[in-house]
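One structure is given here, and the rest of the page talks about it.
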Amino acid sequence: MPAMKRSITPAKAASLIPDGASIMVGGFMGVGSPNRLIDALVAAGKTGLTLIANDTAMPGKGVAKLVTARCLSKAIVSHIGLNPETQAQMNAGELEVELVPQGTLVECIRAAGVGLGAVVTPTGLGTPVQEGKQTLEVDGVSYLVEKPIRADFALIAARQSDYAGNLEYALTAQNFNPIMALAGGTVIAEPEHIVPVGMIPPDAVRTPASLVDHLIERAL
Amino acid sequence: MPAMKRSITPAKAASLIPDGASIMVGGFMGVGSPNRLIDALVAAGKTGLTLIANDTAMPGKGVAKLVTARCLSKAIVSHIGLNPETQAQMNAGELEVELVPQGTLVECIRAAGVGLGAVVTPTGLGTPVQEGKQTLEVDGVSYLVEKPIRADFALIAARQSDYAGNLEYALTAQNFNPIMALAGGTVIAEPEHIVPVGMIPPDAVRTPASLVDHLIERAL
Amino acid sequence: MDLKERIARRVAQEVQPATLVNLGIGLPSLVANYVPANAGVFFQSENGVIGLGARPPEGMEDPDLTDAGGGFVTAVPGAAAIDSAMSFGLIRGGHIDMTVLGGLEVDAQGRLANWMIPGKLTPGMGGAMDLATGAKKVVVAMTHCIKDRPKIVESCAIPLTSARPVDLIVTEMAVFQPTPDGLVLLEHAPDTDVAAIRAATGAAFEVSSGLKEMSLDAP
Amino acid sequence: MDLKERIARRVAQEVQPATLVNLGIGLPSLVANYVPANAGVFFQSENGVIGLGARPPEGMEDPDLTDAGGGFVTAVPGAAAIDSAMSFGLIRGGHIDMTVLGGLEVDAQGRLANWMIPGKLTPGMGGAMDLATGAKKVVVAMTHCIKDRPKIVESCAIPLTSARPVDLIVTEMAVFQPTPDGLVLLEHAPDTDVAAIRAATGAAFEVSSGLKEMSLDAP
């Protein structure tokens, strides 16, 4: 029988995350983000966080709340086009933004999670993404060497968990979540439902329980 | 509505594969291998094939039949310990065997499938696996550079397909199958069941239909 | 027919039956409207769905089924939900038969720039660099000019999206094919001619010996 | 108690509650027998299951649920089925808390060799190189000698499995910890002493100031 996890409140989970920590947060334009945990980070007045996420969503949604509340000092993302606040804070020099091609971003997160030393990709070659990076030639073809991206915490949204921590996702709310669950030093999952152990068939599990450190209690 | 695929017989599928082709075949010690397709390759008397697989199983099971029938000129695998025939043909110089660490093997197949130029891994450093290979230093740490592994054909076993080609796998019969489905020039899937399009929920699909070129008809 | 519809209709003719196609947001997304339902085409949205369907009727949305812009969508029978690693694995691994991307500029070699205007606008590249580098066929769908300034230029003033040239450029005036020797004009719109296209284009181009009039019929 | 049971009982004491553990085939697999069911331990089998259970009763096998040796197994409640990329992602990414591997030789630095004997036997490395390189803690479980020939040696005569030293070596005679300064003897079996261990060991080792007798109680 696997170890079970007692679920915790969003506030308790937020208290585990110190100012200045790096956090990866699942979600794509606000879809599939751990929203109650994000609200708790805002309520706790966190500052100096480094955010790793696909995007900064649009004002009022998902991780955009962290931008608006000025919880972030840096954002490593692929897209900020739907959030004028991000652009404004970046232009004012208040928020450092590192733009990474989306496929490179997810692959670098995966690389950190699965113990690879780098990602070797053609994406970004001959563009500003290449600046300051190694290249590698394999069989006469040049590639960019991108470094793994890890974080102190991975904050994951899931459709359903069991009390061991096995996670299922739904449709496009899946996105970066299962990959980030591999690459956070501490993984905190916010499922919509938590069911008893044994209720999720082994073939339906997308993130195995062992990767998850904390479960957020379900909303009332 | 997606394109549908008319299922074909194992013999017809085997006829698509010329002597001397490279084939990746799913399965782990004979579990989760496309057995009717393997039988058809043996029946067709194929020769000179290069096999890419986790192992060569045990005599009478899975890809071991290809070894016994001398269909192979080369095997790229992680383990041959349970198949004395492989060892005997290798020692007699009749079958070239390239041993690859299992994690490196699956990652190199994935790299070919997802367009990466190489796999950068510590596995194999300081062992005979390193011989003749580039190393790469990232942040002061050395890694081995392993090349992507692709094949002319990927031969996949699945629990269930729909007639578009979406695949579901079962338990440990999954193994290399979904990864190889990314890396074969032509992908042939042998499902145990084929159901109408729309019967498999989108979240249950492990290999999207677009990756599958041919479906083997279900056994009677 | 407005300019965008015209461009979308022409691009739709490039969509082959039984293929997997990714459409960028904005103008490119209109292409889906002109692809026959019986063509067996799967549309991929890079946020994680293969088999993107139409916008749902109001009151029938699923907040967990959206396109890359965050808008509500549906999924067709036979759809698959995938994570971002699989989604970009398909894109970067050459499994997307065709992508249609918007453009800010394209250079004389056919290289696209569409993700930032230094000092003005930095939306970010999202998945555009991966699509432009990894899809089997890359089609740029854009208006020919922006405020009378040509978007097809000798050399891009803004950063490139990929070093790989695109396969086809479709505007409301013309269809160009980039080649190793430069751009080739394949088609002109019914309401324009080569001279007008030259005047509105900032890069040199050859005229194909088989130059023809752009068809605006959807396929 | 035979030698293998003794080794397995001692290794089982290394298994921490609520961890994820991979056991190699053969001797290492016996360790599971001595880990309490209420310890919250998940066993991984690298062919694709987390939460490996006992062998099923005859007539209750599932041909699609096997261990890495191809033998029938069951899965515990809370188990997950994973593909080989995820399985080795967990192994190589440091998500396996502990692995127990069999050994043919271990050198004075604690480096394991267990996948081939040149000119004699080439089973292949399977997942051993990945486990020895990537698991958080690597324990070697092996008999001390093979036909009176020490398996712990100054320098391995056969190819290494990983350049990374293992964390603990458990035999029926002794428990060693590899350190940057060489092997340290932590424990001796009840029926042996340091002199006998030296005689049966092919590498120099220090004796820990806290040397104690190996406990053979399962945890």
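Protein chains in written order, with our numbering: chain A, 4 to 223; chain B, 4 to 223; chain C, 3 to 221; chain D, 3 to 221. Where is the CB? At the ideal position from N, CA and C, for every residue including glycine. On a predicted model such as this, the values are computed, not experimentally measured, just so you know.
Legend entry - Continuous alpha helix (DSSP H) stretch holding Gly42 (chain D): start and end: Neither: Gly42 (chain D) is in no alpha helix (DSSP H) and is coded neither H nor E.
Legend entry - Under 8 Å between C-beta atoms of Pro23 (chain B) and Gly65 (chain B): According to the sequence provided, residue 23 (chain B) is Gly. The question's Pro does not apply to it. No. Outside cutoff.
Inset, instruction - To the nearest angstrom, report how far apart Ser164 (chain D) and Ile84 (chain D) are at their CA atoms. - result: 25 Å
Legend entry - CB contact flag (Glu97 (chain B), Ile79 (chain B), <8 Å): no
Inset, instruction - Check whether the Cβ atoms of Arg12 (chain D) and Met216 (chain D) sit closer than 8 Å, and answer yes or no. - result: Met216 (chain D) sits close to Arg12 (chain D), with the two beta carbons spaced by under 8 Å.
Legend entry - In DSSP terms, what Ile154 (chain C) is bridged to: Ile154 (chain C) is bridged to C:Val108.
Inset, instruction - May I ask which residues mark the beginning and end of the beta strand (DSSP E) holding Gly188 (chain A)? - result: Gly187 to Val198
Inset, instruction - Just the C-alpha distance for Leu158 (chain A) and Gln46 (chain C), rounded to the nearest angstrom, thanks. - result: 26 Å
Inset, instruction - Look at Thr107 (chain B) and Thr126 (chain B) and say whether their C-beta atoms are less than 8 Å apart. - result: yes
Legend entry - Classification of Met3 (chain D) by the beta-carbon crowding that lies within 10 angstroms, buried from 16 upward: Met3 (chain D) should be labelled exposed.
Legend entry - Ser10 (chain A) beta carbon less than 8 Å from that of Leu22 (chain D): no
Inset, instruction - Please report how far the alpha carbon of Ile148 (chain C) lies from the alpha carbon of Ser25 (chain A), in whole angstroms. - result: 41 Å
Legend entry - Buried or exposed by the 16-neighbour rule on C-beta atoms within 10 Å, applied to Ala206 (chain D): exposed
Inset, instruction - Consider the Cβ of Glu109 (chain B): report whether some Cβ of chain A lies at a distance smaller than 8 Å. - result: It should be noted that the sequence gives Val, not Glu, for residue 109 (chain B). Not an interface residue.
Inset, instruction - Measure how close the beta-carbons of Ile182 (chain B) and Gly116 (chain B) come, nearest whole angstrom, since I'm counting them as under 8 Å. - result: 7 Å
Inset, instruction - Would you mind reading off the limits of the alpha helix (DSSP H) that contains Ile199 (chain C)? - result: Val196 to Ala201
Legend entry - Cβ pair Ala186 (chain A), Met27 (chain A) closer than 8 Å: Yes, Cβ-Cβ distance for Ala186 (chain A) and Met27 (chain A) is below 8 Å.
Legend entry - Below-8 Å beta-carbon distance, Thr189 (chain A) vs any chain C residue: no
Inset, instruction - Please determine, among A:Thr71, A:Pro151, A:Pro21 and A:Ala160, the residue with the shortest C-alpha to C-alpha distance to Pro87 (chain A). - result: For the residues A:Thr71, A:Pro151, A:Pro21 and A:Ala160, the minimum Cα distance to Pro87 (chain A) belongs to A:Thr71.
Inset, instruction - Please decide whether Ser10 (chain A) counts as near chain D, where near means a Cβ-Cβ distance under 8 Å. - result: With a threshold of 8 Å between beta carbons, Ser10 (chain A) makes no contact with chain D.
Inset, instruction - Go ahead and label Asn40 (chain C) buried or exposed: buried means 16 or more other beta carbons lie within 10 angstroms of its beta carbon, across all protein chains shown. - result: exposed
Inset, instruction - Would you verify that the beta carbon of Leu185 (chain B) is, or is not, closer than 8 Å to some beta carbon of chain C? - result: yes
Inset, instruction - Return the CA-CA distance between Ala46 (chain A) and Val103 (chain A), expressed in angstroms with no decimal places. - result: 29 Å
Inset, instruction - Could you confirm whether any beta carbon from chain B is found closer than 8 Å to the beta carbon of Gly50 (chain D)? - result: yes
Legend entry - Chain-ordered chain C contacts of Leu214 (chain B) [CB-CB under 7 Å]: His97
Legend entry - Residues, ordered as in the chain, of the region 160 to 182 of chain A that lie near chain C by beta-carbon distance below 9 Å: Arg162, Tyr172, Ala173, Leu174, Thr175, Ala176, Gln177, Asn178, Phe179, Asn180, Pro181 and Ile182
Legend entry - Residue-level contact to chain A via CB, Pro161 (chain C), 8 Å cutoff: yes
Legend entry - Identified DSSP bridge partners for Tyr146 (chain A): Paired residue(s): A:Leu139.
Legend entry - Residues that Phe207 (chain C) bridges to, as DSSP identifies them: C:Leu185
Legend entry - Contact with chain A by Val20 (chain D), beta-carbon distance below 8 Å: The question names Val, yet the displayed sequence has Ala at residue 20 (chain D). Taking Cβ atoms only, chain A reaches closer than 8 Å to Ala20 (chain D), which makes this a yes.
Legend entry - Cβ of Ala137 (chain D) within 8 Å of any chain B Cβ: Ala137 (chain D) does not count as touching chain B.
Legend entry - Environment of Ser157 (chain C) [buried if 16+ CB atoms lie within 10 Å]: exposed
Inset, instruction - Kindly indicate if chain A contains any beta-carbon less than 8 Å away from that of Ala56 (chain D). - result: No, its Cβ sits nowhere closer than 8 Å to a Cβ of chain A.
Legend entry - Below-8 Å beta-carbon distance, Gly212 (chain C) vs any chain B residue: Not closer than 8 Å to any Cβ of chain B, the Cβ of Gly212 (chain C) fails to qualify, so no.
Inset, instruction - Given a cut-off of 8 Å, decide if Glu7 (chain C) and Val141 (chain C) are closer than it, judged by their beta-carbon atoms. - result: no
Inset, instruction - Report yes or no: is there a C-beta of chain A within less than 8 Å of the C-beta of Gly112 (chain D)? - result: no
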